[in-house]
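Chemist:
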Amino acid sequence: MAEAINTEKAPAAIGPYVQAVDTGSLVFTSGQLPIDPATGEMPEDVAAQTLQSLKNVQAIIEASGLTMNAVFKMTVFVKDLNTFATVNEVYQAFFDELGASYPARSCVEVARLP
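To get the working numbering, take the position in the sequence shown, counting from 1, and add 74.
1) The beta strand (DSSP E) that contains residue 94, what's its start and end?
2) Going along the chain, which unbroken runs of the beta strand (DSSP E) with 3 or more residues stay wholly within the region 91-168?
3) Taking the straight line between their C-alpha atoms, what separation do you get for residue 161 and residue 121?
4) For my contact list, residue 184 and residue 125 are in at a C-beta cut-off of 8 Å; report their separation, rounded to the angstrom.
5) Compare the C-alpha of residue 133 against each of 170, 105 and 89 and name the closest.
6) Name the DSSP bridge partner or partners of residue 174?
7) For residue 79, write down the residues that DSSP places opposite it in a beta bridge.
8) Considering only DSSP beta bridges, list what residue 186 is partnered with.
9) How long is the line joining the alpha carbons of residue 135 and residue 141, rounded to whole angstroms?
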């Protein structure tokens, strides 16, 4: 039986879904907006937004009892692919600081995000 995972250390879901689901062998996370769960605020710049989104994912992964080393695939959505280099810098520094392996990743430009 799948178990819902929710933590106050990441922003609450903005619709009829949970932050993550633990199937017993895999944990699937929902997309994470760059919202600070303590303030409800979204940073202005892409670097801070990237870091906040990663921190939100980390909080959910840790709430499931795992670490970021257990992440094997991420999908990154950006509103402007011209920010790709900045996103990569923050992403690399985040995983390097944790001493975690880089997961497989896709990066997709999207027109809108909620």
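All residues carry an ideal CB built from backbone N, CA and C; glycine is no exception.
Modeler: On the basis of the data shown:
1) 94-96
2) As summarised for the region 91-168, the continuous beta strand (DSSP E) elements at least 3 residues long and confined to that stretch are 94-96, 101-103 and 147-152, given in chain order.
3) 6 Å
4) Their Cβ separation, rounded to whole angstroms, is 19 Å, which puts residue 184 and residue 125 out of contact at 8 Å.
5) 105
6) Paired residue(s): none; residue 174 is not in a bridge.
7) Note: residue 79 sits in a beta bridge opposite 94.
8) Note: residue 186 sits in no beta bridge, so no partner.
9) 6 Å
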